[in-house]
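Number of protein chains: 2
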Amino acid sequence: MGTRIDDLAEECTVEAALEVIGGKWKLVILRHLLEGTKRFGELDKALPGITPRMLTRQLRELESDGLVLRTVYPQVPPKVEYSVTEIGESLRAITDQLEQWGRAYREREHTRRW
Amino acid sequence: MGTRIDDLAEECTVEAALEVIGGKWKLVILRHLLEGTKRFGELDKALPGITPRMLTRQLRELESDGLVLRTVYPQVPPKVEYSVTEIGESLRAITDQLEQWGRAYREREHTRRW
DNA sequence: CTCACGGCTATACATTTTGATAGTACGGGT
DNA sequence: ACCCGTACTATCAAAATGTATAGCCGTGAG
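Taken in order, these protein sequences are the chains called A and B.
Take the working numbering: the last position of the first sequence gets the number 755, and nothing is skipped along the way.
Take the working numbering: the last position of the second sequence gets the number 755, and nothing is skipped along the way.
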């Protein structure tokens, strides 16, 4: 008994986490940045189908959530670099786990016979 | 070099995984079912704010993706039980990881001073 | 003068997801 | 005849998310 409150807290934790890394692009962007610092244009090319509008939005959200760092170089033409923060780096465990699960899932689906 | 194709494949893996467990409710529902078999009404009560419509939809999707099992007992009043399949069970690693990360993230946000 | 570069931003629109509200089906109890 | 409980289902509306298309900024090359 008495685990209700804990359960609820855990649930909120997960929900909160999902608000930060949920959505179609967030984790995919993070995965690219986990490979190293990238510029806007590089990300744009690396993400087939994303519009600059979306990319900007997602990056700004990630930035304000403290997951990525945005560095502007006052040059012309402009140069902006994006990199993961320490917290962003700690997401590697999740993306790895997710990828591992995704692989296993695909295997299963392939040989499925429930 | 030559890692482009692999990267792309990994990315698709993650995206595919997100299609199955993405969204506002899926993982939260799974978390409840990972605690044990539950009935529709129980889930409804356990998920504050979800509408029966949403709950039904999400459960059906999870079912058709092979993550949960739906068992109907031909009684009146009706009784339907939901439980995780073996694949669903394998998601525990992810929900745990996510919760762990969420906790750490909250800590960070709390004491933030970038 | 004009155009290109890089990183956006503006505007308008389409699609997808989520929500509120109410109703259905079924047999059993009163 | 009427209501109850259980698990939905239908209809409509709103909100979140995504897309298409075009343009801005300043400077240096042509």
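No residue lacks a Cβ here, since even glycine has one placed at the ideal position from N, Cα and C.
Note that the structure is a prediction, hence the values are computed from the model and not measured.
For a contact meaning CB atoms closer than 7 Å, what does residue i contact in chain B?
{"i": "SER731 of chain A", "result": "TRP742 and ALA745"}
Mind checking which residues open and close the beta strand (DSSP E) that includes residue i?
{"i": "ARG720 of chain B", "result": "Correcting the residue identity first, residue 720 of chain B is Lys in this sequence and not Arg. Taken as a continuous stretch (DSSP letters only), the beta strand (DSSP E) holding LYS720 of chain B covers 720 to 725."}
{"i": "GLU712 of chain A", "result": "Note that residue 712 of chain A is Thr in the sequence shown here, rather than Glu. Element bounds for THR712 of chain A: 709 to 714."}
Please state if the CB of residue j and the CB of residue i are separated by a distance shorter than 9 Å.
{"i": "LEU710 of chain B", "j": "ILE670 of chain B", "result": "no"}
{"i": "VAL673 of chain B", "j": "LEU659 of chain B", "result": "Inspection of the sequence shows that residue 673 of chain B is occupied by His rather than by Val. Contact flag unset, no."}
{"i": "VAL655 of chain A", "j": "ASP706 of chain A", "result": "no"}
{"i": "ILE728 of chain B", "j": "LEU708 of chain B", "result": "yes"}
{"i": "LEU732 of chain B", "j": "TRP742 of chain A", "result": "yes"}
{"i": "GLY682 of chain B", "j": "LYS665 of chain A", "result": "no"}
{"i": "SER724 of chain B", "j": "LYS679 of chain B", "result": "yes"}
{"i": "GLU722 of chain B", "j": "THR712 of chain B", "result": "yes"}
Could you give the DSSP three-state label for residue i: helix, strand or coil?
{"i": "GLY677 of chain A", "result": "coil"}
{"i": "ASP706 of chain A", "result": "coil"}
{"i": "TRP666 of chain A", "result": "coil"}
{"i": "GLY682 of chain B", "result": "helix"}
{"i": "THR813 of chain B", "result": "Any property of residue 813 of chain B remains undetermined from this structure, which presents chain B solely from 642 to 755."}
{"i": "ILE728 of chain A", "result": "helix"}
{"i": "VAL655 of chain B", "result": "helix"}
{"i": "GLY643 of chain A", "result": "Interpretation of GLY643 of chain A is limited by its pLDDT of 39, a score under 50 that renders its predicted location unreliable; the figure taken from the coordinates is listed afterwards. The answer is coil: DSSP assigns GLY643 of chain A none of H, G, I, E or B."}
{"i": "VAL661 of chain B", "result": "helix"}
{"i": "LEU671 of chain B", "result": "helix"}
For the alpha helix (DSSP H) holding residue i, just list the boundary residues, first then last.
{"i": "THR736 of chain A", "result": "733 to 751"}
At 9 Å on the CB atoms, spell out the chain B contacts of residue i, in chain order.
{"i": "GLU656 of chain A", "result": "LYS665, LEU668, VAL669 and GLY743"}
Applying a beta-carbon distance threshold of less than 7 Å, which residues of chain A neighbour residue i?
{"i": "LEU739 of chain B", "result": "VAL655, ALA658 and ILE735"}
Please determine whether the Cβ atom of residue i lies at a distance below 8 Å from any heavy atom of the ligand COA.
{"i": "PHE681 of chain A", "result": "The ligand COA is not among the ligands present in this structure, which contains no ligands whatsoever."}
Going along chain A, which residues have a C-beta under 8 Å from residue i?
{"i": "GLU750 of chain B", "result": "GLY707"}
Checklist entry - Quick one, which residues of the stretch 692 to 716 of chain B are near chain A if we go by CB-CB under 8 Å, in chain order? => result GLY707
Next on the checklist: Output needed in chain order: residues of the stretch 661 to 680 of chain B with a Cβ under 9 Å from some Cβ in chain A.
Outcome noted: VAL661, ILE662, GLY663, GLY664, LYS665, LEU668, VAL669, ARG672, HIS673 and GLU676
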